[in-house]
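Numbering (our numbering), first residue to last: 4 to 987.
Below is one structure, written out as structure tokens; the observations come after it.
Right, here's the structure in full:
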């Protein structure tokens, strides 16, 4: 039955390519009837009000309104994107009445989720929203599938925006001159990067890219997972069958997925061969079980038919009628060699015509060198085999676009532009937003925590430290937690069947070592503990009841079914144990360098109905491999922090229906040498803190000033080096072409952490700050963190200091990594250029009031409250400032112009338009601090730390927040240059 209302609205909205127009007038012109009833707003309103899930008319308007909400540049509106004002402008132009507006706002709320952060110099004019809408066959099918899978409107809109941002920065596939863009997309660990590059692939082939090469991991297991995902969600049943009759068993011989329990129901269907429906087919050059094969098949498959043979393939008349080719290949030297050999046989003239997209999944693995930075200094870097082969592919395919995907902005593909210059992201870097429902850093680490003795809410809920103390190594407890959480999942599924699909798999990851021999021994130990745990006997139930009461009930999500007592949960424990024991063993060892080590049916999350197992493994297991249903992690691997980033992040991801059950058992005092121990939890937190800060910086610098980017991809490496002091270009005779000179942060909290360690430097810094201490009043004042009476307050000594006097202090300080603070100092030195400048600074020295406080005088000062802080990585401290101090400073500096100031006389009396705020922290690292009986502390035992907020008057409104100096002005787009290059 034809949906006339949907058809009319589709035609009307299709005519609004350049923005909203009067709906009724367009509908009247386009309707077939002389007096169409479908133009009536009441009927539209009633349809939307009554619409259920999957209503196509509602989905059409969701796509349209969200697209207008997100448009960064809209000729039809002066309002900012993602605002009520932008939406109101759209309604005004559509001519919708107040009642219809309310219904649409309820059904399609204004999209306010943060978008991707984009650092780019690439023009985007060729791929507008209008262009994308004209050719959207595969994207539309993918979008509809995601909605059927239960994706929310906001999630689909976010993916649409992020994937569009990538495609518009590729080269126009129909451009006459060949250009290959190079870009990097930075997501979060286990955050759905595959969904993004599936969306990118769909939009890219719709736009005209005809060869897609996905580099999908280093193992068949990983490659097969990626192939299946693309086949299921993008390529679809008809392209897999290629005309074969699905009802004819003989015709299906050799067609994969016939043994897949999700075939064909969960595979996207295009309702016919795409080429028959007016689109184009996709030919697979690889299958789920078969990687790229060489010789004649490969050559023929890469020969494209052209409708007009006298024109090149990239000519629109040829391009949009030609079938697309997709292959998913391992990052394996042998496989890539076959592909390169075939491409060479085809020859340069034809290859130069093929618009190609190369997607490098987990681009920090194998694609680039991961050599020790110490070797960079020694000039010993050599290119890896895979890195060289990717460069060969790019050389053979002049129209190839390279897009790397990684989970960390500090991946070497990002920070080492000198190695494998062809894949440095010279054109764009896109940082994806943290997805809704994602369980990440903030859920395991209390990044604002400064009290070392206190446990934050995130740590209390999810983290269980391993100290090898009276609790032992807690491995048996972790196993108890695994079976207990399995039982809780079964309980929840029985009380809410909608949760059952989320609990198909239930896993535990144990990672202690990279040595395979140790994995085998550990697996035997786990099996022994498991079989002696007596989970179905009185002793086991008593133990599980105690753990449930102490560790799971207090943190249970009130919005999910949770038993009131262990007695209600007990019947589900036996079934959980049965599922975990299926196949004869609760443990799977996953390691080794050969495919057979990973080709285990019980490890196939796609084809195995239920994977309920304890996985023991090392680096291979945690590299690009999604451990489905991961609930309990036991991590004690002792190694350098940077090397463990990807492995440690396995516990991040989406945990629908069970995020409150997730537990991380992690070593807090692992041997790190003969006398030293390593806190793995704190080590990872330090890296995460750097990443979060860097992502926040990128977001600030992504804002265009006068239509130009503040930061280009070539300037990213020195920006990263501010966070990682060891970062250097790839060889001693190289240097970064961009030097970070200045970072302006008006109205933002700036907190240096790279304080010196040498006693002489610490004494020097204390002496520099000593005159400032005399400016502080003897009496304390109470400062509130916000304008509410319940916001909490703190005691502090305060004083004022002129701007020039503060500059004298800051210029004289010594640092372990001078480059960390120098760009901020430069901004204070240049304050007033184009702005009003800075008059003075309010100095705040917080005073502790608890009974545990420690006070001491230094160099004859008044007694100071000492703050204990720790260096989390090398010379760098973790958090210095406390949230309540930071928020009060922001208020006083007028960074937050809260009207509630009038109710808080103290901050109001201190605030000035041209006044900044400095918060001083006399920091000690020793416990207890070395305070003399007379109440003094030696200056070399004190770290005079601080945080500051410059007033908004310090910088003009439309001025770049970051400034670089180009060493060689003749090579502005080069990330690195030879040392000795001319200075611009």
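Glycine included, every Cβ here is placed at the ideal spot set by N, Cα and C.
Distance CB(residue i)-CB(residue j) smaller than 8 Å
i	j	result
residue 247	residue 283	no
residue 813	residue 786	no
residue 765	residue 943	yes
residue 125	residue 184	yes
residue 117	residue 164	no
residue 529	residue 563	no
residue 887	residue 797	yes
residue 111	residue 64	yes
residue 593	residue 525	no
residue 392	residue 349	no
residue 85	residue 127	no
residue 640	residue 515	yes
residue 361	residue 168	no
residue 358	residue 211	yes
residue 410	residue 632	no
residue 848	residue 800	yes
Residues of its chain near residue i, where Cβ-Cβ distance is below 7 Å and the 5 sequence neighbours each way are ignored
i	result
residue 613	507, 508 and 582
residue 275	241
residue 48	102, 103 and 106
Presumed contact (8 Å Cβ cut-off) between residue i and residue j, rounded CB distance
i	j	result
residue 60	residue 7	Actually they are not in contact, since the Cβ atoms of residue 60 and residue 7 sit about 11 Å apart, beyond 8 Å.
residue 921	residue 948	Not really, about 11 Å apart at Cβ, beyond 8 Å.
residue 69	residue 160	4 Å
residue 749	residue 953	5 Å
residue 717	residue 741	6 Å
residue 135	residue 162	Between residue 162 and residue 135 the Cβ distance is about 13 Å, and since that is not below 8 Å, they are no contact.
residue 325	residue 213	6 Å
residue 635	residue 488	6 Å
residue 478	residue 555	Not a contact, Cβ separation roughly 18 Å.
Backbone secondary structure at residue i - three-state DSSP
i	result
residue 850	strand
residue 406	strand
residue 716	helix
residue 657	strand
residue 1	Absent from the model: residue 1. The displayed extent of the chain is 4 to 987, so no value can be given.
residue 509	strand
residue 529	helix
residue 692	helix
residue 879	strand
residue 902	Because the pLDDT of residue 902 is 38, which lies under 50, any placement of that residue in the model is unreliable, and the question is left without a value.
residue 123	strand
Contacts around residue i, its chain only, beta-carbon distance under 8 Å, and the 5 residues preceding and following it disregarded
i	result
residue 233	201, 204, 217, 329 and 331
residue 21	78, 79 and 133
residue 929	944
Spatial distance of residue i from residue j (CA atoms)
i	j	result
residue 261	residue 363	29 Å
residue 313	residue 320	11 Å
residue 10	residue 33	11 Å
residue 856	residue 869	8 Å
residue 783	residue 883	21 Å
residue 510	residue 428	36 Å
residue 893	residue 745	21 Å
residue 365	residue 194	13 Å
residue 267	residue 105	40 Å
residue 660	residue 637	21 Å
residue 220	residue 230	11 Å
residue 715	residue 123	6 Å
residue 139	residue 685	47 Å
residue 24	residue 15	9 Å
residue 773	residue 444	38 Å
residue 615	residue 585	8 Å
residue 377	residue 877	Here residue 377 scores only 47 on pLDDT, less than 50, and its place in the model should not be relied on; the value that follows carries that caveat. The alpha-carbon atoms of residue 377 and residue 877 are separated by roughly 16 Å.
Contact with chain D by residue i, beta-carbon distance below 8 Å
i	result
residue 863	In the structure shown, chain D does not exist; there is a single protein chain.
Chain-order list of residues whose beta-carbon lies under 6 Å from that of residue i (same chain, five-residue window excluded)
i	result
residue 844	804, 809, 919 and 921
residue 565	559
residue 569	548 and 551
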